[in-house]
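Using the working numbering, you'd call the opening residue of the sequence shown number 15 and step up by one each time.
C-beta atoms are modelled at their ideal positions from N, C-alpha and C, and glycine is treated no differently.
Below is one structure, written out as structure tokens; the observations come after it.
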Amino acid sequence: MLSPTQINQIADKINSKVDLPLLGENQEKQLFMTVINQIANLLSTTMPKQYQAMLNDPKQGIETNEANKIGNELMQQITSKVNMGMLGSVGKSIATSFVETIVAGLQKGGKI
């Protein structure tokens, strides 16, 4: 569903927002990419194909309120199905940043 380039871009966005004091930037990014891959795998099986296509085509898209609704549903799925383990609140920050990126990508003119 998401290309390696898109996953890398999302990891960069999250890395700019979330800091893990005991890890260097490269270690943080690798951790974020691991979590993003888990979430992306979940999305590829649960998100309808028409929405997945919108993430790569800025000419397609849905209204903001519909994108936000999907984002809320996605956040519920992530928190119930993706094991964030000992990441705790940092894991929630990663998931929130990921969902914000997806919601923006679903809107007309948006693209990841």
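Beta-carbon within less than 7 Å of VAL104's beta-carbon, same chain only, minus the 5 sequence neighbours each way: which residues are those? Within its own chain, the residues whose Cβ lies closer than 7 Å to the Cβ of VAL104, once the five positions on either side in sequence are excluded, are VAL32 and LEU34, listed in chain order.
Tell me ILE76's beta-bridge partners as DSSP assigns them. Paired residues: GLN121.
Sorted by chain position, which residues of the same chain lie with C-beta nearer than 6 Å to VAL49's C-beta, five sequence neighbours on each side aside? ILE108.
Comparing C-alpha positions only, which one of ASN55, ILE53, ILE76 and ILE21 sits nearest to GLN121? Restricting attention to ASN55, ILE53, ILE76 and ILE21, the CA atom closest to the CA of GLN121 is found in ILE76.
Alpha-carbon to alpha-carbon, GLU87 and LYS95: Using only the alpha carbons, I get a separation of about 12 Å.
With 16 other CB atoms within 10 Å as the buried threshold, where does LEU45 fall? Residue environment: LEU45 is assigned as buried (16 or more neighbouring CB atoms within 10 Å of its CB, all protein chains considered).
Taking a contact to mean a Cβ-Cβ separation below 8 Å, would you say VAL117 touches ASN79 in this structure? No. Outside cutoff.
Rounded to the nearest angstrom, how far is the Cβ of MET47 from that of ALA67, given a contact under 8 Å? Contact between MET47 and ALA67 is absent: CB atoms are separated by about 23 Å, not below the 8 Å threshold.
Could you tell me whether any Cβ in chain C is nearer than 8 Å to the Cβ of SER103? No chain C is part of this structure, which consists of one protein chain only.
Would you kindly check if the distance between the Cβ of THR110 and the Cβ of GLN91 is under 8 Å? No. Outside cutoff.
For the alpha helix (DSSP H) containing MET47, name the first residue and the last one. In the DSSP assignment, MET47 falls within the alpha helix (DSSP H) that extends over 39-60.
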